[in-house]
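My numbering puts the sequence shown at residues 2 to 254. These notes are about the structure you will find just below.
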Amino acid sequence: MIQVKKIKERVNLWYRILDKLTVCDDTFSKEKLINRLTALNKPTILSFVNAHALNIAWKDNGFAETLLKSDVLLLDGIGVKILLKLIKYPYGLNFNGTDFIPELLEKLPKSKQVAVYGTREPFLSKGIRKIQGMGYSSISVEHGFHPDKYYIEKFQSTSPDIIILAMGMFKQEKISIVLREVTSGRAILVINGGAIIDFLGERFPRAPKYMREHSLEWLYRLLQEPRRLWRRNLGSIVFLMRALICFFYMNKQ
């Protein structure tokens with residue numbers, strides 16, 4: 002009985018996260034979202050929800066509650082799309098952060114001061130050069146292995162407008178909440194970007210375009226890095242089992 006109650010709590014937590022997703026049905030609504038993010042009037046946290054994030058949320062209530070404090074949550078990946086289809090939720094466009102974050106950066110005002118906190122050399126410097134190539138000249142940079150407090154102090158001393166956190170879950174999500182709290186209402190944009198700088202820095206190769214268009218980048222990455230990613234993809238099987246639990250739970254309501 003206790004186990005059933007715990008599962009119901011986990012399922013309800015997933016539904017709370019899914020209910021908060023910003024769904025864009027077409028390119029027009031996507032452009033509206035981008036316009037919203039380029040004309041902020043308050044501190045805003047942008048986060049992405051993929052299967053890995055939901056798996057962490059299932060086990061870690063603290064992460065789930067932190068994720069729910071994001072201002073904009075976007076669907077990222079075929080796994081979450083399958084889940085949304087299964088429970089008959091609208092899903093719209095897939096916002097792969099690796100594609101969407103550079104697209105967003107291209108459209109944000111280049112006069113903004115940027116901070117990038119995450120990953121390590123040489124990929125950090127290579128990723129920064131890509132961002133500079135978009136037209137940004139003022140970029141504050143730190144690797145991703147300092148204590149959390151260090152980034153808060155760095156932020157307060159440099160006052161960037163756009164902060165890209167590329168540290169992985171859930172260090173970046175925790176830091177994003179604190180950054181929003183200490184900014185005194187200034188309209189900053191905090192992007193929880195995961196491996197975005199690693200991709201820009203060419204640490205990880207991108208899948209061919211046809212695989213990305215069919216949501217198969219996960220398979221390409223697994224073939225490229227089986228030893229590093231096997232545990233993550235084992236987690237995909239666990240995710241699908243939990244998705245089925247959500248489906249059956251919904252049908253019993």
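All C-beta atoms in this analysis are idealised placements derived from N, C-alpha and C, irrespective of residue type, glycine included.
Say the cut is 7 Å; is the CB of residue i nearer than that to a heavy atom of the ligand FAD?
{"i": "E182", "result": "In the structure shown, the ligand FAD is absent, as is every other ligand, since no ligand is present at all."}
Mind checking which residues open and close the alpha helix (DSSP H) that includes residue i?
{"i": "A255", "result": "Here the chain comprises residues numbered 2 to 254, so residue 255 is not present and cannot be evaluated."}
{"i": "G98", "result": "98-108"}
{"i": "T200", "result": "Looking at the sequence provided, one finds Phe at residue 200 rather than Thr. Unbroken alpha helix (DSSP H) run through F200: 197-201."}
{"i": "F29", "result": "28-39"}
{"i": "V24", "result": "Per DSSP, V24 belongs to no alpha helix (DSSP H) and is neither H nor E."}
{"i": "K221", "result": "The sequence as given places Tyr at residue 221; Lys does not occur at that position. Counting along the chain, the alpha helix (DSSP H) containing Y221 begins and ends at 218-225."}
{"i": "K82", "result": "79-87"}
{"i": "R213", "result": "210-214"}
So the candidates are the options; which of them puts its Cα closest to the Cα of residue i?
{"i": "D61", "options": "D26, A167, L14, G194", "result": "L14"}
{"i": "D239", "options": "Y118, A54, A196", "result": "Residue 239 is actually Val in this sequence, not Asp. Per the Cα distances, A54."}
{"i": "D100", "options": "I197, A116, L241", "result": "I197"}
{"i": "V191", "options": "F49, A58, R243", "result": "F49"}
{"i": "L47", "options": "A58, I57, L34, W59", "result": "L34"}
{"i": "S71", "options": "I129, G194, T28, A52", "result": "G194"}
{"i": "E218", "options": "I79, K7, L245, G236", "result": "I79"}
{"i": "E104", "options": "L85, V117, K131", "result": "K131"}
{"i": "L76", "options": "M212, C247, T28, L19", "result": "L19"}
{"i": "K150", "options": "K9, A208, P206, V183", "result": "V183"}
Quick one: is residue i near chain B, going by C-beta distance under 8 Å?
{"i": "P110", "result": "In summary, chain B is missing from the structure at hand, where a single protein chain is found."}
Leaving out five residues on either side along the sequence, give the residues of the same chain with a beta carbon under 6 Å from the beta carbon of residue i.
{"i": "L109", "result": "T39"}
{"i": "M251", "result": "I88"}
{"i": "Q114", "result": "S139, P161, D162"}
Residues in the same chain with beta-carbon distance under 7 Å from residue i, minus the five sequence neighbours each way, listed in chain order, please.
{"i": "E107", "result": "M135"}
Can you name the start and end residues of the beta strand (DSSP E) that residue i belongs to?
{"i": "Y118", "result": "115-119"}
Under the three-state reduction of DSSP, which class applies to residue i: helix, strand or coil?
{"i": "L47", "result": "strand"}
{"i": "V73", "result": "strand"}
{"i": "R193", "result": "Sequence check: residue 193 is Asn here, not Arg. Here N193 sits in strand by DSSP."}
{"i": "L1", "result": "Outside the displayed span of the chain (2 to 254) sits residue 1, for which this structure offers no information."}
{"i": "L125", "result": "helix"}
{"i": "G236", "result": "helix"}
{"i": "Y250", "result": "helix"}
{"i": "G134", "result": "helix"}
{"i": "G93", "result": "coil"}
{"i": "R17", "result": "helix"}
{"i": "K111", "result": "coil"}
With a CB to CB cut of under 8 Å and the five nearest residues on each side skipped, what residues in its chain are close to residue i?
{"i": "G236", "result": "A52, H53, N56"}
Practice task
Mind listing, in chain order, the continuous beta strand (DSSP E) runs of no fewer than 3 residues lying wholly within the stretch 136-190?
Solution key: For secondary structure counted as the beta strand (DSSP E) over 3 or more consecutive residues, the stretch 136-190 holds these complete runs in sequence order: 140-143, 163-167.
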